Structures are given as C-alpha cells and as structure tokens.
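Just so you know, the protein sequences line up as chains U and W, in that order.
So the number in our numbering is just where the residue sits in the first sequence, counting from 1, plus 1.
So the number in our numbering is just where the residue sits in the second sequence, counting from 1, plus 583.
Heads up: the structure comes next, in structure tokens.
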Amino acid sequence: EVQLVESGGGLVQPGGSLRLSCAASGFSFNVYWMHWVRQIPGKGLVWVSRVSPDGTSTRRYVDSVKGRFTISRDNARNTLNLQMDSLRAEDTALYYCVRGTTSGATIFDHWGQGTLVTVSS
Amino acid sequence: DIQMTQSPSTLSASVGDRITITCRASQNINRWLAWYQQKPGKLPKLLIQVASILQNGVPSRFSGSGSGTEFTLTISSLQPDDFATYYCQQYDTEGTFGQGTKVEIK
Numbered sequence: 002e003v004q005l006v007e008s009g010g011g012l013v014q015p016g017g018s019l020r021l022s023c024a025a026s027g028f029s030f031n032v033y034w035m036h037w038v039r040q041i042p043g044k045g046l047v048w049v050s051r052v053s054p055d056g057t058s059t060r061r062y063v064d065s066v067k068g069r070f071t072i073s074r075d076n077a078r079n080t081l082n083l084q085m086d087s088l089r090a091e092d093t094a095l096y097y098c099v100r101g102t103t104s105g106a107t108i109f110d111h112w113g114q115g116t117l118v119t120v121s122s
Numbered sequence: 584d585i586q587m588t589q590s591p592s593t594l595s596a597s598v599g600d601r602i603t604i605t606c607r608a609s610q611n612i613n614r615w616l617a618w619y620q621q622k623p624g625k626l627p628k629l630l631i632q633v634a635s636i637l638q639n640g641v642p643s644r645f646s647g648s649g650s651g652t653e654f655t656l657t658i659s660s661l662q663p664d665d666f667a668t669y670y671c672q673q674y675d676t677e678g679t680f681g682q683g684t685k686v687e688i689k
C-alpha cells in the first residue's frame with residue numbers, strides 16, 4: 002500500500018523558514034517523480050514543486066515560490082523534502098506530498114494527508 | 584503560464600441529473616488534462632487523465648472529452664456519492680489546476 006506521511010508544518014513568522022518532509026513507503030520511490038501541492042483550507046489546489054526521480058536533473062517550481070523554496074529528495078531514505086525560506090502570509094496552506102508518475106507527466110495518483118503551514122506574526 | 588478556468592463555480596443538481604463541467608485552458612494543451620474529485624475533508628482523487636481515460640475503478644457514468652483549449656467532464660446520472668468539488672488540471676507545462684466546481688444538492 003502506498004503511504005505518504007508529511008511532517009514539519011507549524012506556525013512561523015513572516016520571513017521565517019520551515020522544512021517539510023515526507024516519508025514514502027509501499028512503492029519504488031526512486032523511479033517516481035514527486036511533487037508538493039498546497040491548498041488553503043476550503044480553497045483550490047496549487048501545484049508547488051516537482052523533482053525528478055534522480056533528485057538532480059529536474060527541479061521545478063511555481064512562480065510564486067521560485068527563489069524561496071527548494072525541493073529535494075533522499076532516495077536512500079525514501080524521503081521528499083521542501084525547504085521553505087522567506088515565508089509570506091500567502092504561503093499559509095495545507096501542503097501535500099504527492100506521488101507523480103514514472104514518465105514525468107504531472108498527474109497525481111497518491112496524496113499524503115498534508116501538513117499545515119501557518120505564516121503569521 | 585497556462586491558466587485554467589472552470590465553469591460554473593457551483594452547480595446545483597439532483598440525483599439522476601446529467602451534468603457537465605467545462606474547463607478552458609489559456610493556450611493549447613493538446614489532451615494533457617486530468618480531472619479530480621475532492622470531498623470535504625478528503626484527499627483529491629484522480630478520475631480521468633489524457634482528457635478522457637478513466638482511472639481504474641471510476642464508474643462509467645463519468646466521462647471526459649475535449650482537446651486543445653476546451654474540455655468537459657460529464658456525469659451521466661448523478662449519484663449521491665458524486666456531490667463533491669471537481670478540479671481540472673493541465674499537465675502540458677508543469678501543472679495548473681482550475682479553481683474548482685462544487686456540485687451541490689439542489
């Protein structure tokens with residue numbers, strides 16, 4: 002059974018940093034593209050970032066987080082990370098760790114339960 | 584960036600109704616479009632990819648069509664389990680979701 006378990010969310014002041022992690026199990030982590038998607042509770046979905054299976058060849062971000070967020074993965078530990086710096090109020094959301102595909106198509110078939118990030122003074 | 588626009592934002596319907604949700608892309612995305620269903624407090628569920636290919640286990644009352652910039656999701660006979668919010672998502676370039684269509688009980 003595919004499992005994705007996020008951690009690391011919390012309350013942080015504007016300008017602060019957080020590091021989200023996602024522990025993956027139940028599938029061959031090192032052949033799947035992995036993503037972060039966020040959702041303000043009660044609102045819509047926003048794709049945030051993706052990383053290639055090897056962790057180095059491709060990292061992409063939505064424009065609103067470019068230069069502030071960094072996605073990474075550790076295939077030896079089946080872990081996906083999102084380093085979030087210079088946080089803003091508008092980054093407040095539930096952040097989902099999401100499995101993509103082996104082909105690179107940005108579609109999502111398994112989601113973690115999410116970790117809540119609140120940016121507020 | 585590719586923008587996705589869904590209509591309507593809210594749709595009121597009854598059990599047994601045939602409903603259609605429209606999704607428009609700001610530029611040509613060929614058939615690189617997916618549809619998701621999300622119920623309150625639950626995770627999104629992938630229903631359709633490549634505009635019209637149903638995921639395993641998705642009831643046949645769901646169908647998708649379209650290409651280029653205009654797409655539709657149709658539920659042929661709405662069931663109680665179908666009241667939810669539906670999102671389209673393009674994956675021609677990265678991934679952009681529409682704003683969602685809430686299907687509510689009339």
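Glycine is no exception: its CB is placed at the ideal position from the N, C-alpha and C atoms.
All of these numbers come straight from a predicted model, not from anything done at the bench.
### Query
With 16 as the cutoff for other CB atoms within 10 Å, does Thr653(W) come out buried or exposed?
Sequence index remark: in the second sequence, residue 653(W) carries index 70 (1-based). For clarity, residue 653(W) is Glu in the given sequence; the question names Thr instead. Classification of Glu653(W): exposed, given that the 10 Å Cβ count is below 16.
### Helix, strand or coil at Ala90(U) according to DSSP, with G and I counted as helix
Position 89 of the first sequence, counting from 1, holds the residue named residue 90(U). Three-state result, Ala90(U): helix.
### Message
Counting C-beta neighbours from all protein chains within 10 Å, is the total for Glu7(U) 16 or more, i.e. buried, or is it exposed?
### Response
Counted from its first residue, the first sequence places residue 7(U) at position 6. Glu7(U) is buried by the Cβ-count criterion.
### Task
Have a look at Thr93(U) and Ser122(U) and give me their C-alpha separation to the nearest angstrom.
Numbered from its first residue, the first sequence carries residue 93(U) at position 92. Numbered from its first residue, the first sequence carries residue 122(U) at position 121. Whole-angstrom Cα-Cα distance: 12 Å.
### Task
Identify the contact partners of Leu629(W) in chain U, using a Cβ-Cβ distance below 8 Å as the criterion.
Your numbering for residue 629(W) matches position 46 in the second sequence. Those within 8 Å of Leu629(W) in chain U are Ile108, Phe109, Asp110.
### Query
Excluding sequence positions up to five away, which residues of its chain have a Cβ less than 6 Å from the Cβ of Thr676(W)?
Locating residue 676(W) in the second sequence gives position 93, counting from the first residue. Closer than 6 Å at the Cβ level, and outside the excluded window around Thr676(W), lie Ile585.
### Query
Smallest Cα separation from Asn76(U): which of Phe109(U), Val118(U), Met35(U), Glu2(U)?
For the purposes of this step, residue 76(U) is taken as residue 75 along the first sequence, with counting starting at 1. When each option's Cα is compared against that of Asn76(U), the closest is Met35(U).
### Query
According to the neighbour-count rule (16 or more other Cβ atoms, all chains shown, within 10 Å of its Cβ), is Leu83(U) buried or exposed?
Counted from its first residue, the first sequence places residue 83(U) at position 82. The residue is buried, with at least 16 neighbouring Cβ atoms inside 10 Å.
### Task
Return the first residue and the last residue of the beta strand (DSSP E) that Val598(W) is part of.
Within the second sequence, numbered from 1, the residue matching residue 598(W) stands at position 15. Per DSSP, Val598(W) belongs to no beta strand (DSSP E) and is neither H nor E.
### Task
Could you tell me whether the segment 52–64 of chain U touches the segment 19–39 of chain U, using the rule of 3 or more Cβ pairs below 8 Å?
yes
### Task
State the CB to CB distance for the pair Thr655(W) and Thr603(W), rounded to an integer number of angstroms; the pair is presumed to be in contact (CB under 8 Å).
Taking the second sequence and counting its residues from 1, the one referred to as residue 655(W) is at position 72. Taking the second sequence and counting its residues from 1, the one referred to as residue 603(W) is at position 20. Their Cβ separation, rounded to whole angstroms, is 5 Å, which keeps Thr655(W) and Thr603(W) in contact under 8 Å.
#### Entry: Close beta carbons around Thr71(U), own chain, < 7 Å, minus the five adjacent residues each side
For this step, residue 71(U) is matched to residue 70 along the first sequence. Counting only Cβ-Cβ distances below 7 Å, and skipping sequence neighbours, we find Gln84.
### Query
Of all the options Tyr670(W), Lys689(W), Gly651(W), Asn613(W), which has the alpha carbon lying nearest to the alpha carbon of Lys622(W)?
In the second sequence, counting from the first residue as 1, residue 622(W) sits at position 39. Nearest of Tyr670(W), Lys689(W), Gly651(W), Asn613(W) to Lys622(W), Cα basis: Tyr670(W).
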